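There are 2 protein chains.
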Amino acid sequence: MTSEGTAVAGPAAGASGGRRSRRGADVPALVESARNGDARAVARLISLVEDASPALREVAAALSPHTGHAQVLGLTGAPGVGKSTTTTALVRALRTAGKRVGVLAVDPSSPFSGGALLGDRVRMQDHAGDSGVFIRSMASRGHLGGLAWATPQALRVLDAAGCDVVLIETVGVGQSELEIASLADTTLVLVAPGMGDGIQAAKAGILEVADVFVVNKADRDGADQTVRDLRYMLSLGGRHSEAGHWRPPICKTVASRDTDNGVDGVLSRIDQHREWLESSGELHRRRSERAAREIEAIALAALRERMGDVHGSAALGALADQVVAGATDPYRAADELVAQL
Amino acid sequence: MTSEGTAVAGPAAGASGGRRSRRGADVPALVESARNGDARAVARLISLVEDASPALREVAAALSPHTGHAQVLGLTGAPGVGKSTTTTALVRALRTAGKRVGVLAVDPSSPFSGGALLGDRVRMQDHAGDSGVFIRSMASRGHLGGLAWATPQALRVLDAAGCDVVLIETVGVGQSELEIASLADTTLVLVAPGMGDGIQAAKAGILEVADVFVVNKADRDGADQTVRDLRYMLSLGGRHSEAGHWRPPICKTVASRDTDNGVDGVLSRIDQHREWLESSGELHRRRSERAAREIEAIALAALRERMGDVHGSAALGALADQVVAGATDPYRAADELVAQL
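Laid out in structure tokens, this is it:
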């Protein structure tokens, strides 16, 4: 690593990457620079894969021999539980341990902001100038499935660039966020006291993806009750009670801009989980499943594109109008689309 | 409508529908019964479409001439804002107005509960015995995209069965939930005071889908601030400030088991939105777009199945292992899958 450069792979660098790609990107040189720790090269590569640019396939091929090193952490939870401050505290602790860290902050797009409202500038203040941290905000830009598509690609870039740990922070608790969390080797689920009772947490569907629970804001009233609620939910649970399975521990933290109480405990639980993943064979199983999902998603996107090429978008619109009028049903309409491929 | 029967289309009835379908369902008779208000027939039809049974296509074809009547309302918001009580209050008000109402309560699946934790029994207490209300809890049962798949089918059953209004209540604020909310003609977004500040709400990505905002629990401290925050967010927004566009109104409610304060105001905003939808041509546009998405999803599912038939599931696993090992990349692997179709 001869030069690590500046460490922020933000939207501005991304836009410049986009311009570069239209002139044709020198992919091998970019991959080489990224592997040497050049943050601008990392930013450009992420932009190339995120925008599904013509260079996308070349980038993917050039990255693949260098992937598989990074430990991937997912961090999810309902709005307001303190994900951003916890991410910051984890990054600080990992940096202290000498790890190179990548952060992918996944925000649902909003036409109100054209992307992440908090923005990279707020988020990266603590780490700006630290050459061992890459931070990237991902915005879906209005594509359905856009984040589920782009995030594994960006993860692969950070992995190939030599990050020891990549932390994927997802906002919200919906299916897409869970899919993104499922990219992780180890998924942390954050909860906070007073964010609704146990039933609400379970409704949000976050329990089943947790490898480690973090009760953040543990200095608040109700923290112990939240821990008890989680323990009770876990005692009801299926997979976690079986022999040989991982039983998610529950950590308490008070992460803020100034204090990192409990964060070391979280990291040691992550290490324990990592050891279990390796000794049980679960690590390979998870990564293989993740790759299978990605391959399938790419294949389906290619087929969708082919449908568009064969029929043109007007054909789908005409079929849709027939369905609305009750003249046909969606299955017969789909048959027509597929038949001619 | 000679007989409206019992009005609960719950999981038990669904399971019985599943058994029936394995013996072969008499689809025309079921559709006829459902149109006459037989709740058991409605439940069986939903089960047939939800389970992707062999009769699915026959059901879809039999329903389509009878669809398009129901007004579809979506109701979404973060966990804890009071969606269930608001749904109950809206149903009560719509029943008072003499409407037949269907409710699809969409819960992410949880292995901790095998489905909806609150369960139909809690939810339907207020309406049990009312023959003009169908309530159905949808659970994704572990299929990715399962809810996005099954919900429009169930909606079509309720529509064909003669519901004047179908209310789709989604838990959570993720992409899938937004997709499901997008099935609606009119989407209500619930927020509550103290559930996180305006920025958190925007991060959750719910602002852009709202046709009507409902600030629930409006008797709590901070309700006026929440209204001001929403108004400010809207003032920043893109689409809503353009001429001819709908500017989402903000209603305040206190919906609980005993009080429905403000619910009539919500209903009158829904009526205004409906008028705008019709006069602007937006109603047809939304429904046509919804049908197009559904057709495309069905076509892609058919193609995915064909990939499985051609290659077998072992082939995808082998390709995935190669990706994990860095021997190939997901794009080349996807090419192999698609090439032989």
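Residue numbers (this note's numbering), protein chains in the order written: chain A, 56 to 396; chain B, 56 to 396. Backbone N, C-alpha and C fix where the C-beta goes; we use that ideal spot for every residue, glycine too. These numbers come from a predicted model, not from an experiment.
Rounded to whole angstroms, the separation of the alpha carbons of alanine 239 of chain A and glutamine 208 of chain B is 33 Å.
An exposed status is given to alanine 84 of chain A, since fewer than 16 other beta-carbon atoms sit within 10 Å of its beta-carbon. Looking from the CA of alanine 215 of chain A, the closest CA among A:Ala370, A:Ile101, A:Ala133 belongs to A:Ile101.
Annotation: glutamate 224 of chain A is outside any alpha helix (DSSP H); the continuous beta strand (DSSP E) that includes it extends over 220-225.
Between the alpha carbons of glutamate 351 of chain A and glutamate 360 of chain B lies a gap of roughly 11 Å. Taking a Cβ-Cβ threshold of 7 Å, the residues of chain B close to arginine 112 of chain A are Tyr386, in chain order. The beta carbon of threonine 281 of chain B is closer than 7 Å to those of Val246, Pro248, Val270 in its chain, skipping five residues each way along the sequence. Below the 8 Å Cβ cutoff, chain A contributes Ser119 as neighbours of threonine 383 of chain B, in chain order. For the C-beta of glycine 372 of chain B, the chain A residues within less than 8 Å are, from N- to C-terminus, Ser343, Ala347.
Contact between threonine 131 of chain A and valine 244 of chain A is confirmed by a C-beta separation of about 6 Å, below the 8 Å threshold. Neighbours of isoleucine 353 of chain A in chain B, taken as residues whose beta carbon is under 7 Å from its own, are Pro385, Tyr386, Ala389 in chain order. The three-state reading of DSSP puts aspartate 240 of chain A in coil, since its state is none of H, G, I, E or B.
Around the C-beta of glutamate 333 of chain A, fewer than 16 other C-beta atoms lie within 10 Å, and the residue is accordingly described as exposed.
For valine 97 of chain B, the enclosing alpha helix (DSSP H) stretches over residues 94-105. Taking 8 Å as the threshold, the shortest C-beta distance from isoleucine 223 of chain B to chain A does not fall below it. Alanine 346 of chain B and alanine 388 of chain A have their C-alpha atoms some 10 Å from each other. Interface with chain B (8 Å Cβ-Cβ cutoff): arginine 359 of chain A is included. Between the alpha carbons of alanine 80 of chain B and alanine 110 of chain B lies a gap of roughly 7 Å.
In the three-state scheme derived from DSSP, where H, G and I count as helix and E and B as strand, valine 393 of chain A is classed as helix. Between arginine 150 of chain B and aspartate 315 of chain B, the gap from beta carbon to beta carbon reaches 8 Å or more. A direct Cα-to-Cα measurement between leucine 145 of chain A and alanine 89 of chain A gives close to 23 Å. With a cutoff of 8 Å on beta-carbon distance, threonine 242 of chain B and valine 220 of chain B are scored as not near each other. Annotation: histidine 300 of chain A has no Cβ neighbours in chain B at a cutoff of 8 Å; minimum Cβ distance is about 12 Å.
Arginine 90 of chain B sits in a helix when the DSSP states are folded into three classes. Look at the stretch 92-106 of chain A: it has no residue with a C-beta under 9 Å from a C-beta of chain B.
Per DSSP, reduced to three states, the secondary structure at glycine 132 of chain A is strand. About 6 Å separates the Cβ atoms of valine 309 of chain B and glycine 317 of chain B, confirming a contact at the 8 Å cut-off. Taking arginine 286 of chain A as the centre and dropping the five residues before and after it, the same chain places the C-beta of Ile305 closer than 7 Å to its C-beta, in chain order. For lysine 307 of chain B, the uninterrupted beta strand (DSSP E) run begins and ends at 305-307, by DSSP.
Within the stretch 123-146 of chain A, the residues whose Cβ lies closer than 8 Å to any Cβ of chain B are, in chain order, Gly123, Ala133, Pro134, Gly135.
It is roughly 13 Å from the alpha-carbon of serine 311 of chain B to the alpha-carbon of arginine 275 of chain B.
Separation of glycine 381 of chain B and tryptophan 301 of chain B (C-alpha to C-alpha, rounded to the nearest whole angstrom) is 51 Å. In this structure, DSSP gives arginine 191 of chain B an extended state, which the three-state scheme calls strand.
By the rule that beta-carbons nearer than 8 Å mark a contact, methionine 362 of chain B touches chain A. Under the DSSP assignment, valine 321 of chain A falls in the alpha helix (DSSP H) whose first and last residues are 318-335.
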